[in-house]
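Visitor: Top line first, the protein sequences correspond to chains H and R.
FYI, in my numbering the residues of the first sequence are 1 to 388.
FYI, in my numbering the residues of the second sequence are 1001 to 1383.
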Amino acid sequence: MASSTISFLPVGEKNGGMTLIKLNNDDIKTSIIIDCSIGDESIANHCDVNQELRGRLPKDSNDRPYVDAFILTHRHEDHLKGFSKHFHTGSLDEYDDDENELKIVIRELWSSHNFWKPASKNYPLCENAKIFNKEMKRRVALFEKNKKIQPEGDRAIIIGKDPDGKTDDLAAINYDIGESFSKINNISLSTKLKGFILGPIEKQKDEDDESFIDQNRQSIVVQLIINQGNFDNKILMGADAECLVWETYWNKYKNAKSIIEYDILYAPHHCSWHSLSYDSQSDCEDPQVCEDAKKALSQNKKGAYIISQSRIIKDDDKNPPSKKAKDEYVNIIGKNFFICTNEYPNEKKPEPIEFNLTNSGPQIKAIKEKSRLAAASYASTMEPSPHG
Amino acid sequence: MDKFWLYKAREYLTKHNAFKNVSDISISNGRKTALISAIVSVNLPGKYIETGITDIGVKSDEKVKFIFPESFPLDAPKILLRNDFPRCFPHINPSKERVIPCIYEGDLSEFLQQSEWMNGILNQLVDWLEKAASNDLLSYDQGWEPMRNDNTAGFIPYDTDFVTSRLETNPVLIKEINYEQTDRLILTDSLCINQNPKKAHAIFFMCPKVVDQYMPNTIRELKHLYSYSVAIGIQDAKRMIEQYDLEYINEDILFVVFSVKRPVNLIGTYSNIEFLNFVIYKSEHRKKKKRELKRTLPDSRVRMMSHLSICNPKLFKQLSGTQTKTNEKKYIALLGCGSLGSKIGMHLARNGNEPFLCIDNDIFMPHNNARHALTLTSYEGTT
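(1) Report the residues of the segment 1120-1139 of chain R with a CB closer than 9 Å to any CB of chain H, ordered along the chain.
(2) For the beta strand (DSSP E) that V1405 of chain R lies in, which residues bound it at each end?
(3) Could you say if the segment 1250-1258 of chain R and the segment 1115-1125 of chain R meet the contact criterion of at least three C-beta pairs nearer than 8 Å?
(4) When the Cβ atoms of the segment 128-142 of chain H are set against those of the segment 73-92 of chain H, are three or more pairs found closer than 8 Å?
(5) Would you check if there are 3 or more beta carbon pairs closer than 8 Å linking the segment 362-369 of chain H to the segment 307-320 of chain H?
(6) Considering only their Cβ atoms, is the gap separating R1303 of chain R from A1153 of chain R smaller than 7 Å?
(7) With DSSP as the reference, label D93 of chain H as helix, strand or coil.
(8) Could you tell me how far apart the beta carbons of G160 of chain H and H79 of chain H are, in whole angstroms, since I believe they sit closer than 8 Å?
(9) Could you tell me how far apart the beta carbons of F8 of chain H and I235 of chain H are, in whole angstroms, since I believe they sit closer than 8 Å?
(10) What did DSSP end up calling D78 of chain H once you bin it into helix, strand or coil?
(11) For C1337 of chain R and T1375 of chain R, I'd like the C-alpha separation in whole angstroms.
(12) Please report the straight-line C-alpha distance between A376 of chain H and I1234 of chain R, rounded to a whole angstrom.
(13) Just by C-beta distance, which residues in the segment 1142-1154 of chain R are closer than 8 Å to chain H?
(14) At a CB-CB cut-off below 7 Å, which residues of chain R make contact with T358 of chain H?
(15) Name the chain R residues whose beta carbon is nearer than 9 Å to that of S371 of chain H?
(16) Identify which residue in R:L1222, R:H1016 and R:L1137 has its Cα closest to the Cα of H1285 of chain R.
(17) Going by the DSSP bridge assignment, what does G195 of chain H pair with across the sheet?
(18) Find the residues of chain R that neighbour Q390 of chain H, judging by a C-beta separation of less than 8 Å, and give them in chain order.
(19) Would you say K368 of chain H faces chain R, with C-beta separation under 7 Å as the test?
(20) Can you find a CB in chain R that lies within less than 7 Å of the CB of H46 of chain H?
(21) Strictly below 7 Å CB to CB, what residues from chain H border C1102 of chain R?
(22) Could you tell me the distance, in whole angstroms, from the CA atom of I197 of chain H to the CA atom of S190 of chain H?
(23) Can you tell me which of H:I201, H:S219, H:Q228 and H:S282 puts its alpha carbon nearest to the alpha carbon of W250 of chain H?
(24) Mind listing the chain R neighbours of K161 of chain H? Cutoff is C-beta to C-beta under 8 Å, in chain order.
(25) Since Y1226 of chain R is in the alpha helix (DSSP H), which residue starts that stretch and which ends it?
(26) In the DSSP assignment, find the alpha helix (DSSP H) that holds K323 of chain H and state where it starts and stops.
(27) What number of angstroms, rounded off, separates the C-alpha of K194 of chain H from the C-alpha of A171 of chain H?
(28) Is there a Cβ of chain R sitting closer than 7 Å to that of A376 of chain H, yes or no?
(29) For a contact meaning CB atoms closer than 9 Å, what does A1018 of chain R contact in chain H?
(30) With burial defined as no fewer than 16 other Cβ atoms inside 10 Å of the residue's Cβ, what is the status of V221 of chain H: buried or exposed?
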């Protein structure tokens, strides 16, 4: 039967995050987007990520494009670019069906508990993050008011316990770190999906406040297990988590490695050197890899891939992405299995990297050749026709 | 052959990202066809990339041949895979030697009328090979593809509903079958043309579990049939076949039907039960040995038959595409059965409606033959 898919879209000059997962579970089709990064310009004057995304999204009975869940890993602009422009916020009663480009409906919105935290001098938030937080608060307030799971379009899931106890009465819409889940949009997908929430982890010993409240440090890290036949496709979404987090995972899970095992790893923080090392690449003469962090990122299964959702990786001092970090990843899995979104299939014409999550593990989907006659055709998003 | 379009087609092949080593166009003069071969780079699941071949035997470099007919680009090229490409997949056209992937459920030529032109066909072929590589060709959304039979022995009509309901209470069902053998085909029961058909028996078995493994027909001998029956969970097929072979020792053939439940409905049907029909040529083997054997031996020849639905209201309802549920009965009273009414009644019946109550206060006169749906079988003519 048809596999589930995961697509990593190419990103702009300033990096970014946007991953689309489509689960295929008999009659139930579920789409999950993790972060969004939709600029106004096409990538490398070639790939229109907005069209690539929309072409892959389902439409509801009102003909509105939708996702069953939007998971925001953290509040940086490169993971929220285009959020207010392309996604509907507010009640669905206010949805505008007459817009030229319809907004995407989010049936269930996922966020860490940080959405309660207001912007301040030490905690700046971009405009999209403020809009996101407001939407999250609106949805959570509906749950608090009615004490039951909200209707579709108003649903929300909070990751992690709020330090001030705000999540205490919200158990039904709250997952703590270390918990697993298999519901998306309040529908159980237990035969298809199992998720394990790895982060954001609690404040570590010797960790200062500044480090702890950092947006990247507060990233949601999840392992998603997507079943196909007898095979579990394990996807480790590393978000922008850095060295301390990975080092901690190794110490926590070295005796339960299956929790950090993967068939596909989203290379944390756009292939940043700081996910593998405490040393600065530019200031330090001989920056050293943190072995424990690397071990946490080395639990690859046979034939696993590592995806760097980043700009083209150049051998310079700019980080992320870092050539040095790429070398470490290539060392883990081999050069054929490390792919940078903006270099696939080549730097000049990047296309989304799409995998079928098959009963033999992830399989890259071929890039569909487009029509050479019609200029505005998005063949790569089209589903193949049934075989005879 | 029109060279212009062949060169265009070759250009599409060379520019497609998944194709390489595209050959020159070679034209076979006598047969008026043109051949282009190429290598498809198939994306294998990660764990097979190192060895370049999947556990079933799909390679990362697959050679394909395109055979262009004279009528190209009105008609699509025929696509051939290597002869030793694994045949254990669904969506392969029935064929004895060559492996012809069935990459589209409709007519491949349709792609040539769309804006993708050759790219439509090439994308479809790459997708087919990719799904073969992950053994994912069977799409439950589309339905279950019935067991491919590369060489049918004949046709056997029976009522699947009747068989299914009987098998639910009895483990096996025995049915007498009339048949006749033409040069190439076995025709049974209502299909027989001959006035004196031969007699044989059919044994129907029900498979106790849902079988979700696709397998094309590879059964050639009785021993293959025995091991297949065990594999799908029918334990006593061998014992029953031997028993009924002896019971009807004078009959030349024996039909065996397996009723197999699939995880989804079969393509184009409303049922998830697939009927696999076989014929055992039980007397042949005895003749070969030139002596009377007590029982049919495991090397007796076995071939596969095609099932036909019998003519009943349910079949008519399915084929007419009406919205009425197939097992829903509605009594219809037809008031007025004249020239118009008779035709309305006829079409309702052909759509699978029954039973009828026909009411008319007139009698059928000779001139009514001109317009009425019913006609007399003979009339007085001038000859």
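We put the beta carbon where it would ideally sit given N, CA and C, even for glycine.
Guide: Judging by the given coordinates:
(1) Using a CB distance below 9 Å, the part of the segment 1120-1139 of chain R facing chain H consists of G1120, L1122, N1123, Q1124, V1126, D1127, W1128, L1129, E1130, K1131, A1133, S1134, N1135, D1136, L1137, L1138 and S1139, ordered along the chain.
(2) Since the displayed chain R opens at 1001 and closes at 1383, residue 1405 of chain R lies outside it and no answer follows.
(3) The segment 1250-1258 of chain R, when compared against the segment 1115-1125 of chain R, does not touch it at the 8 Å Cβ threshold.
(4) Counting Cβ pairs under 8 Å, three or more are found: they touch.
(5) Short answer: they don't touch.
(6) Locating residue 1153 of chain R in the second sequence gives position 153, where the first residue counts as 1. Locating residue 1303 of chain R in the second sequence gives position 303, where the first residue counts as 1. A1153 of chain R places its beta carbon less than 7 Å from that of R1303 of chain R.
(7) The sequence position of residue 93 of chain H within the first sequence is 93, counting from 1. D93 of chain H falls in the helix class under three-state DSSP.
(8) Your numbering for residue 160 of chain H matches position 160 in the first sequence. Your numbering for residue 79 of chain H matches position 79 in the first sequence. At roughly 17 Å, the Cβ-Cβ gap does not stay under 8 Å, so G160 of chain H and H79 of chain H are not in contact.
(9) In the first sequence, the residue the question calls residue 8 of chain H occupies position 8. In the first sequence, the residue the question calls residue 235 of chain H occupies position 235. Taking C-beta atoms under 8 Å as the contact rule, F8 of chain H and I235 of chain H fail to qualify, at a distance of about 11 Å.
(10) Walking along the first sequence from the start, residue 78 of chain H turns up at place 78. Judged by DSSP in its simplified three-state form, D78 of chain H adopts helix.
(11) On the second sequence, residue 1337 of chain R is found 337 positions in, with the first residue counted as 1. On the second sequence, residue 1375 of chain R is found 375 positions in, with the first residue counted as 1. In a straight line, the C-alpha of C1337 of chain R is about 13 Å away from that of T1375 of chain R.
(12) Reading the first sequence from its first residue, position 376 is the one you call residue 376 of chain H. Reading the second sequence from its first residue, position 234 is the one you call residue 1234 of chain R. Bear in mind that a pLDDT of 46 at A376 of chain H, under 50, signals an unreliable position, so the model cannot answer this.
(13) Within the segment 1142-1154 of chain R, contact with chain H at the beta-carbon level (separation under 8 Å) is assigned to Q1142.
(14) Translated into the one-based positions of the first sequence, residue 358 of chain H becomes position 358. Per Cβ cutoff of 7 Å: P1045, S1134 and D1136.
(15) Locating residue 371 of chain H in the first sequence gives position 371, counting from the first residue. In chain order: Q1114, S1115, E1116, W1117, N1119 and G1120.
(16) By 1-based counting over the second sequence, the position of residue 1285 of chain R is 285. Nearest of R:L1222, R:H1016 and R:L1137 to H1285 of chain R, Cα basis: R:L1222.
(17) Working through the first sequence from its first residue, we reach residue 195 of chain H at position 195. G195 of chain H is bridged to H:F181 and H:L224.
(18) Examination of residue 390 of chain H is not possible in this model, given that chain H is present from 1 through 388 alone.
(19) Residue mapping note: residue 368 of chain H aligns to position 368 of the first sequence, counting from 1. Yes, K368 of chain H lies at the interface with chain R (some Cβ there is under 7 Å from its Cβ).
(20) Start at 1 with the first residue of the first sequence, and residue 46 of chain H comes out as number 46. False, the Cβ-Cβ gap to chain R never drops below 7 Å.
(21) In the second sequence, counting from the first residue as 1, residue 1102 of chain R sits at position 102. By Cβ distance, chain H contributes H387 and G388.
(22) Your numbering for residue 197 of chain H matches position 197 in the first sequence. Your numbering for residue 190 of chain H matches position 190 in the first sequence. About 16 Å.
(23) Numbered from 1 along the first sequence, position 250 holds the residue referred to as residue 250 of chain H. Measuring from the Cα of W250 of chain H, the nearest candidate turns out to be H:I201.
(24) By one-based count along the first sequence, residue 161 of chain H stands at place 161. Close partners of K161 of chain H in chain R (Cβ separation under 8 Å) are lacking, with about 37 Å as the shortest Cβ gap.
(25) Here residue 1226 of chain R refers to the residue found at position 226 when the second sequence is read from its first residue. Y1226 of chain R -> alpha helix (DSSP H) spans L1222 to A1231.
(26) The residue labelled residue 323 of chain H in the question sits at position 323 within the first sequence. Boundaries of the alpha helix (DSSP H) around K323 of chain H: K323 to I333.
(27) By 1-based counting over the first sequence, the position of residue 194 of chain H is 194. By 1-based counting over the first sequence, the position of residue 171 of chain H is 171. Taking the straight line joining both Cα atoms gives about 19 Å.
(28) Mapped onto the first sequence, residue 376 of chain H falls at position 376. Residue confidence is low: A376 of chain H scores 46 on pLDDT, short of 50, so the model does not pin down where it sits. Its coordinate-derived value is still stated next. Not one chain R Cβ lies under 7 Å of A376 of chain H.
(29) Within the second sequence, numbered from 1, the residue matching residue 1018 of chain R stands at position 18. Residues of chain H passing the Cβ test: A366, I367 and E369.
(30) Stepping through the first sequence from its first residue, residue 221 of chain H is reached at position 221. Of the residues assessed, V221 of chain H falls on the buried side of the cut-off, its CB having 16 or more other CB atoms within 10 angstroms.
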